[in-house]
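There are 2 protein chains.
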Amino acid sequence: MVVSIELSDAEVDRLFHALADATRRDILRRSVAGDLSVSRLAADYPMSFAAVQKHVAVLEQVGLVTKIRNGRELLVRSDPDTLRRARLALDQLEEAWRGRVERMAAVLDDE
Amino acid sequence: MVVSIELSDAEVDRLFHALADATRRDILRRSVAGDLSVSRLAADYPMSFAAVQKHVAVLEQVGLVTKIRNGRELLVRSDPDTLRRARLALDQLEEAWRGRVERMAAVLDDE
DNA sequence: AATTGATACAACCATTTGGTTGTAGGTTAT
DNA sequence: ATAACCTACAACCAAATGGTTGTATCAATT
């Protein structure tokens, strides 16, 4: 059974904003492929460690990622459920479109 | 046949950014339901006409919307293709996840 | 215990964003 | 022609964003 999830405007705002940055999307992709520490991630971007840390924090605040302690490092782990919620928001927008197309088709059928 | 579309990082940045605002998403939904003039749209938001105009401009710049002259007003029309491109970007992120799940399942099968 | 490595966090800065008001340019209606 | 309406655009402002450096904390290694 699929539970219909209610997404608040504010949450969708933050979700899309988190996804609207190439570095953050790249961090997401890489942490999906396998858990990586923040410093390991940071090594591959042309910016300071602190900057990458901030990007991870943005992803973490919207739940796209969680951090797991492993010795003295923190592994960044992506959360597929949150990504699904982002998709749901897009789906709802697209659904409005499908509805319109159907209504137009119905009008045409009436003639 | 579905053509695999290449989305540049910059384009996805702008796409998600355009969607990361509740007012803009609402304008999208309303213009999907039926073409509306900018002033008609603006009348229903608690902000100035110029502010709404800017939101429409953001949607227009990323191609989520186009404007069509109708007498002295400009109708805002949504473009479903661009919305689909946004979804494609999300799908590609999700696909990375599916790939991981499959690899993990394969590892488990090997044991 | 001292050092090193990984992270957190504050302070700061430039740029962008989202809002405002005001002015100007077309289009329709009277 | 004039008035009324719709849109465009510039100038301005406060707040948020994305980056920096510096300092502090905490865990592991030696």
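Those protein sequences? They're chains W and H, same order as listed.
In case it helps, my numbering puts the first sequence at residues 122 to 232.
In case it helps, my numbering puts the second sequence at residues 122 to 232.
Even for Gly, the Cβ is constructed at its ideal location relative to N, Cα and C.
Here the structure is a predicted model, which is why all the values come from computation and not from measurement.
The beta carbons of LEU128/W and ALA210/W sit about 6 Å from each other, so the pair counts as a contact at 8 Å.
If you keep only unbroken alpha helix (DSSP H) runs of at least 4 residues inside the region 154-231 of chain H, you get 159-163, 170-182 and 201-231. Taking one beta carbon from each stretch, the region 144-160 of chain H and the region 178-187 of chain H have 3 or more pairs nearer than 8 Å; the two touch.
Residue range 130-140 is occupied by the alpha helix (DSSP H) that includes LEU140/H. Using a CB distance below 8 Å, no part of the region 168-194 of chain W faces chain H. VAL133/H sits close to ALA143/W, with the two beta carbons spaced by under 9 Å. In the same chain as THR203/H, and ignoring 5 residues on each side of it, the C-beta atoms closer than 6 Å to its own belong to GLY184 and LEU185, in chain order. The beta-carbon distance between LEU214/W and SER158/W, rounded to whole angstroms, is 36 Å. This is too long to meet the 8 Å contact definition. Cβ-Cβ separation between PHE170/H and ALA141/W: approximately 26 Å, too far for a contact (criterion under 8 Å). In this structure, HIS176/H lies near ARG145/H, with their beta-carbon atoms less than 9 Å apart. Remark: C-beta atoms of ALA163/H and GLN174/H approach each other more closely than 9 Å.
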